[in-house]
């Protein structure tokens, strides 16, 4: 019988590896940002809440840095990467909205 292998997203080591891969991708100007965002969207519900918060926060920090620095113009694909992370941040915000509304309703009975 073949050994079954799977990723346990709640395992601390898995969370570390996911966040490390994300951090690698967020600074790249290649296909890595879109590949990372696609993977994250497909697995988002499986990730530990702490890892989701870290990723969301760090995307925001990255975008703040990009906006503060302005358009570098000399880096090919810079604008595409920025748009990729902006769309991901918006998607996370929309994804979290129903959860936040449910939490608020639970607190108020």
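In this note's numbering, the protein residues as written are 2 to 110. No residue lacks a Cβ here, since even glycine has one placed at the ideal position from N, Cα and C. In this text, all values refer to a predicted model and were calculated from it rather than measured experimentally.
### Message
Can you find the residues in the same chain that come closer than 6 Å, C-beta to C-beta, to residue 8, ignoring five residues on each side of it along the sequence?
### Response
Residue numbering aside, residue 8 sits at position 7 when the chain shown is read from its first letter. So the list reads 15, once near-sequence residues are dropped.
### Message
Going residue by residue through the region 42 to 70, where are the continuous alpha helix (DSSP H) segments of at least 4 residues, counting only ones entirely within it?
### Response
50 to 70
### Task
Give the DSSP-derived three-state secondary structure of residue 25 in the structure shown.
On the chain shown, position 24 is the one that residue 25 refers to. It is helical.
#### Entry: Beta-carbon proximity list for residue 43, same chain, < 6 Å, skipping 5 on both sides
Sequence index remark: in the chain shown, residue 43 carries index 42 (1-based). Excluding residues within five positions, none has a Cβ falling inside 6 Å.
### Task
Measure the CB-CB distance between residue 64 and residue 45 and report whether it falls below 8 Å.
The residue you call residue 64 lines up with position 63 of the chain shown. The residue you call residue 45 lines up with position 44 of the chain shown. No, these two residues do not count as a Cβ contact at 8 Å.
### Query
In three-state DSSP terms, what is residue 106?
Counted from its first residue, the chain shown places residue 106 at position 105. Caution applies to residue 106, whose pLDDT of 47 falls short of 50 and renders its modelled position unreliable; the model cannot decide the point.
### Query
Shortest alpha-carbon distance to residue 47 belongs to which of 19, 34, 24 and 95?
To locate residue 47, count along the chain shown from 1; it is residue 46. Of 19, 34, 24 and 95, the residue nearest in Cα terms is 19.
### Message
Would residue 59 and residue 93 qualify as a contact pair, given that the criterion is a beta-carbon distance under 8 Å?
### Response
Looking up residue 59 in the chain shown gives position 58. Looking up residue 93 in the chain shown gives position 92. No, the pair does not count as a contact, with Cβ atoms beyond the cut-off.
### Message
Can you give me the C-alpha to C-alpha distance between residue 96 and residue 61, rounded to a whole angstrom?
### Response
Counting from 1 along the chain shown, the entry for residue 96 is found at position 95. Counting from 1 along the chain shown, the entry for residue 61 is found at position 60. Spanning the two alpha carbons is a distance of roughly 15 Å.
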